[in-house]
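Going down the list, the sequences are from chains A and B. Everything in the first sequence is counted per UniProt numbering, starting at 1 for the first residue and increasing by one. Everything in the second sequence is counted per UniProt numbering, starting at 1 for the first residue and increasing by one.
Protein chains: 2
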Amino acid sequence: MALIVQKYGGSSLETAERIRAVAERIVATKKQGHDVVVVCSAMGDTTDELLDLAAQVNPVPPGREMDMLLTAGERISNALVAMAIESFGAKAQSFTGSQAGVITTEKHGNARIVEVTPGRVREALDKGRICLVAGFQGVNRESKDVTTLGRGGSDTTAVALAAALKADVCEIYSDVDGVYTADPRIVSNAKKLEKLSFEEMLELAAVGSKILVLRSVEYARAFGVPMRVRSSYSNDPGTLVAGSMEDIPVEEATLTGVATDNSEAKITIVGIQDSPGAAAKIFRTVADAEINIDMVLQNVSAIENNLTDITFTCPRSEGPRAVEMLKKIQEAEGWANVLYDDQVGKVSLVGAGMKSHPGVTATFCETLRDHGINIELISTSEIRISVLIRESELPEAARALHAAFELGGDEEAKVYAGTGR
Amino acid sequence: MALIVQKYGGSSLETAERIRAVAERIVATKKQGHDVVVVCSAMGDTTDELLDLAAQVNPVPPGREMDMLLTAGERISNALVAMAIESFGAKAQSFTGSQAGVITTEKHGNARIVEVTPGRVREALDKGRICLVAGFQGVNRESKDVTTLGRGGSDTTAVALAAALKADVCEIYSDVDGVYTADPRIVSNAKKLEKLSFEEMLELAAVGSKILVLRSVEYARAFGVPMRVRSSYSNDPGTLVAGSMEDIPVEEATLTGVATDNSEAKITIVGIQDSPGAAAKIFRTVADAEINIDMVLQNVSAIENNLTDITFTCPRSEGPRAVEMLKKIQEAEGWANVLYDDQVGKVSLVGAGMKSHPGVTATFCETLRDHGINIELISTSEIRISVLIRESELPEAARALHAAFELGGDEEAKVYAGTGR
Numbered sequence: 001m002a003l004i005v006q007k008y009g010g011s012s013l014e015t016a017e018r019i020r021a022v023a024e025r026i027v028a029t030k031k032q033g034h035d036v037v038v039v040c041s042a043m044g045d046t047t048d049e050l051l052d053l054a055a056q057v058n059p060v061p062p063g064r065e066m067d068m069l070l071t072a073g074e075r076i077s078n079a080l081v082a083m084a085i086e087s088f089g090a091k092a093q094s095f096t097g098s099q100a101g102v103i104t105t106e107k108h109g110n111a112r113i114v115e116v117t118p119g120r121v122r123e124a125l126d127k128g129r130i131c132l133v134a135g136f137q138g139v140n141r142e143s144k145d146v147t148t149l150g151r152g153g154s155d156t157t158a159v160a161l162a163a164a165l166k167a168d169v170c171e172i173y174s175d176v177d178g179v180y181t182a183d184p185r186i187v188s189n190a191k192k193l194e195k196l197s198f199e200e201m202l203e204l205a206a207v208g209s210k211i212l213v214l215r216s217v218e219y220a221r222a223f224g225v226p227m228r229v230r231s232s233y234s235n236d237p238g239t240l241v242a243g244s245m246e247d248i249p250v251e252e253a254t255l256t257g258v259a260t261d262n263s264e265a266k267i268t269i270v271g272i273q274d275s276p277g278a279a280a281k282i283f284r285t286v287a288d289a290e291i292n293i294d295m296v297l298q299n300v301s302a303i304e305n306n307l308t309d310i311t312f313t314c315p316r317s318e319g320p321r322a323v324e325m326l327k328k329i330q331e332a333e334g335w336a337n338v339l340y341d342d343q344v345g346k347v348s349l350v351g352a353g354m355k356s357h358p359g360v361t362a363t364f365c366e367t368l369r370d371h372g373i374n375i376e377l378i379s380t381s382e383i384r385i386s387v388l389i390r391e392s393e394l395p396e397a398a399r400a401l402h403a404a405f406e407l408g409g410d411e412e413a414k415v416y417a418g419t420g421r
Numbered sequence: 001m002a003l004i005v006q007k008y009g010g011s012s013l014e015t016a017e018r019i020r021a022v023a024e025r026i027v028a029t030k031k032q033g034h035d036v037v038v039v040c041s042a043m044g045d046t047t048d049e050l051l052d053l054a055a056q057v058n059p060v061p062p063g064r065e066m067d068m069l070l071t072a073g074e075r076i077s078n079a080l081v082a083m084a085i086e087s088f089g090a091k092a093q094s095f096t097g098s099q100a101g102v103i104t105t106e107k108h109g110n111a112r113i114v115e116v117t118p119g120r121v122r123e124a125l126d127k128g129r130i131c132l133v134a135g136f137q138g139v140n141r142e143s144k145d146v147t148t149l150g151r152g153g154s155d156t157t158a159v160a161l162a163a164a165l166k167a168d169v170c171e172i173y174s175d176v177d178g179v180y181t182a183d184p185r186i187v188s189n190a191k192k193l194e195k196l197s198f199e200e201m202l203e204l205a206a207v208g209s210k211i212l213v214l215r216s217v218e219y220a221r222a223f224g225v226p227m228r229v230r231s232s233y234s235n236d237p238g239t240l241v242a243g244s245m246e247d248i249p250v251e252e253a254t255l256t257g258v259a260t261d262n263s264e265a266k267i268t269i270v271g272i273q274d275s276p277g278a279a280a281k282i283f284r285t286v287a288d289a290e291i292n293i294d295m296v297l298q299n300v301s302a303i304e305n306n307l308t309d310i311t312f313t314c315p316r317s318e319g320p321r322a323v324e325m326l327k328k329i330q331e332a333e334g335w336a337n338v339l340y341d342d343q344v345g346k347v348s349l350v351g352a353g354m355k356s357h358p359g360v361t362a363t364f365c366e367t368l369r370d371h372g373i374n375i376e377l378i379s380t381s382e383i384r385i386s387v388l389i390r391e392s393e394l395p396e397a398a399r400a401l402h403a404a405f406e407l408g409g410d411e412e413a414k415v416y417a418g419t420g421r
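Shown next as structure tokens:
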């Protein structure tokens, strides 16, 4: 008998019918003899609708009230799933984040979990009940106010509960049935991975895979909670995310997959006097606006005039704001120009096998060259290569790299409608 | 400076625009120098929508989960009103029933308030904040689970908070601007009352006035909390409900008003052997089905065969079920028949003045006779006369009685669209 934590996303809970389907799956797991704790997101578009209402009554709503408002969504979905479970003859009990002992930092809107003390959940499990815990929420220690965990918070709730309850596995259900070697909508023979390490999953999440939220994988890695990515529409075992890359024998280390990302924009500052502090000025300006920078390139300065260019990427949604901040200081800093390009895309190759296969970078670049694709920026980690190219060339690049590194399977991949968040 | 508790119903909070209007009114009260505690119902049809969803996932939803579900509605409206208040420059803080210290009995779906310990609310008031408390909900002492207070529970929350905080008044806002001598949609010159006693309001609520929920008036009377019925659309002072009938000098005691009710049905059991226990059997059967009985009539039995009839009224929605229960035992009990009539209506006259004016019952019956209206059942209390007539004759009866007792004003009454619950 295992203790299993299951997390269901909003699209799996969009209607009463889907809620009943999810409940049936939960009850089936319980009937296999396991203890089951379930974390549900808010139904379908509930959160967006509440955000919209809030914006109508106050364009700058106070954080504490925003959290009180948004957490209602998860209460609703969890109570409904509990009801549906009871209709299938099993016993269920729902808990708010606070009741489940999810203690967070004080900050509203983006609190971090400090501690999970799931005494009431444990007690209910011991009575043979299926426990439903509202995701995305907790209570802060000082003020005893309701807090939310920010984007993807329900995944983090699930992993944190799994860690606190010493669960055997944390299953993340969405409309995607696993982690693939590439996006099956782009690469038709993308293969579902049976297993990958936390490090590989972190790299994939960081370069655009939307399967799992980065923060939840970090949490799972820190506490050694195995995660399993599964679809709420099939019985496929999905993909296991567990173990450290260090534990994979060299001869078994492989390449994990190809990821694409078209959510970034490129900013280039032209004609910078190449002196100490020039780059720092740029990145401080952007950081002060709370904009994250991803890839960075600084050219070697031309000998004749000692001028250089700096190029970096940031989220496309923040691009115009970043440009505005930089244009403000352009004259004072003496830069020739600030250029903006939002037609870029990033293609990445991830895998622990990269460490033991020195030719990977060369093959990567040759493959793109053979397809006439120009590389604008390169960034690498121990187990990842990412390059910036034209957005329009992303699909071709992904297919070419996927084929060059022989990542594909023999079958056509199943393609799902949504993205599963 | 006074401490004022204000309660706003769902129709006053139907849209973002109305929420902003309510917030403006709350801030205006605060700016007059008063401490303000606000209790909000769920927005518009939220509760009905949640009930509908619950019915879809489980036709017999467990009470605990139902309460977890339904209380989300009040969290949403209270958080939104708090946000709107902040947008007008005042400080607001919202509380769940549990956070506000509303402790209830264990029973889900229809819990009763045991105690209110509003320490956190008091503290926030002392910091100059406007406090929003989610109505209709509390937390039970033993299980620490969320409970709901049943129909009209938000009114009860408001009165209970007012009592615990020793508030000067509890204002109940809806789309009706006071208590009238009759329903203005039926009697065009119905007059708004400036003031009435708790007993008179209780009698009116019991015989069909939907202005205030019976339970909240009972609570207010027990704790001596003055209530004021006001409209959220006007600045009219509304109607004050306060004081005991006993304290009204005889010469000032008047007739309060006429109320009509078409929510009941009439059941007659024909041919009952007139022996001890015959009536008890009927009422035990109905009581076991948790159906409330209102008016009762037992005929004098005919001498020749010692047979009698018993007639009673109950909620029309429960009528068919009551008949079904009685039909089941009809043969065993030897009754001739069980008759059902849902075309009945009840018209009532209420007022402390009745005690000192002995001719009221006579005038009441003569008035109906003069209009050719037949009385089917009569029931009375010290300050009330109610009769059962044909439903179709209700408007005429109300107008005739209103005129006969000279309850009307000189002006046409304002007529509102909704009923204000």
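Note that CB positions come from ideal geometry on N, CA and C, so glycine has one too. Remember, it's a predicted structure, so these values are computed and weren't measured experimentally.
Determine whether the Cβ of residue i lies closer than 9 Å to any Cβ atom of chain B.
i      : result
A:S12  : no
A:I76  : yes
A:T71  : yes
A:E123 : no
A:A417 : For A:A417, the predicted model reports a pLDDT of 42, less than 50, meaning its position is unreliable and no value from the coordinates is stated.
A:Q403 : One detail in the question is off: residue 403 of chain A reads as Ala in this sequence, not Gln. Answer no: the Cβ-Cβ gap between A:A403 and chain B never drops below 9 Å.
A:R230 : no
A:T239 : no
Hey, out of the options, whose CA is closest to residue i's CA?
i      : options                        : result
B:E251 : B:G353, B:T260, B:L349         : B:G353
A:T361 : A:I385, A:N110, A:H371, A:R321 : A:I385
B:Q273 : B:Q330, B:E376, B:R18, B:S77   : B:Q330
A:M43  : A:P118, A:E142, A:F136         : A:F136
A:T47  : A:I26, A:V38, A:G334, A:L69    : A:L69
A:A336 : A:L326, A:Q343, A:G345         : A:L326
A:R284 : A:P249, A:Q298, A:A322         : A:A322
B:V241 : B:V38, B:T256, B:S232          : B:T256
A:G73  : A:E49, A:E142, A:G89           : A:E49
A:C170 : A:S275, A:N299, A:I4           : A:I4
B:P395 : B:A289, B:A190, B:A332, B:T268 : B:A190
B:E86  : A:P59, A:M245, A:R20, A:I293   : A:P59
Would residue i pass as an interface residue toward chain A - the criterion being a Cβ-Cβ separation below 9 Å?
i      : result
B:Q99  : yes
B:E17  : yes
B:N110 : no
B:K127 : no
B:G420 : Any answer about B:G420 is weak, because its pLDDT of 33 lies below 50 and its placement is not dependable; what the coordinates show is given next. So no, B:G420 is outside the interface.
Kindly indicate which three-state DSSP category residue i falls into: helix, strand or coil?
i      : result
A:F88  : coil
A:I303 : coil
B:S231 : strand
A:E264 : strand
A:Q6   : strand
A:G409 : coil
A:S41  : coil
A:G345 : strand
B:T96  : coil
B:R75  : helix
B:F364 : helix
A:A417 : Note that A:A417 has pLDDT 42, beneath the 50 cutoff, so the model's placement of it is unreliable and the number below is only indicative. Looking at A:A417 - three-state DSSP - the assignment turns out to be coil, as it is neither helix nor strand.
B:L394 : helix
Taking Cβ-Cβ distances shorter than 9 Å, what residues in chain A pair up with residue i?
i      : result
B:Q137 : Within 9 Å Cβ-Cβ: nothing; B:Q137 doesn't reach chain A, min ~11 Å.
B:R25  : Neighbours of B:R25 on chain A: none; closest Cβ ~14 Å, over 9 Å.
Closer than 7 Å by beta-carbon distance: list the chain B residues that pair up with residue i, in chain order.
i     : result
A:M83 : A54, V57, N58, P61, P62, E65
In chain A, what lies closer than 8 Å to residue i by C-beta?
i     : result
B:L50 : I76
Which residues in chain A sit within 7 Å of residue i, going by Cβ to Cβ distance?
i      : result
B:L349 : Those within 7 Å of B:L349 in chain A number zero; the least Cβ separation is about 44 Å.
B:A79  : E65, M68, L69
B:R20  : V57
Q) Got a sec: which bits of the segment 85-96 of chain B sit with their beta carbon under 7 Å from any beta carbon on chain A, in order along the chain? A) Near chain A, meaning a CB-to-CB distance below 7 Å, the residues of the segment 85-96 of chain B are E86, S87, S94.
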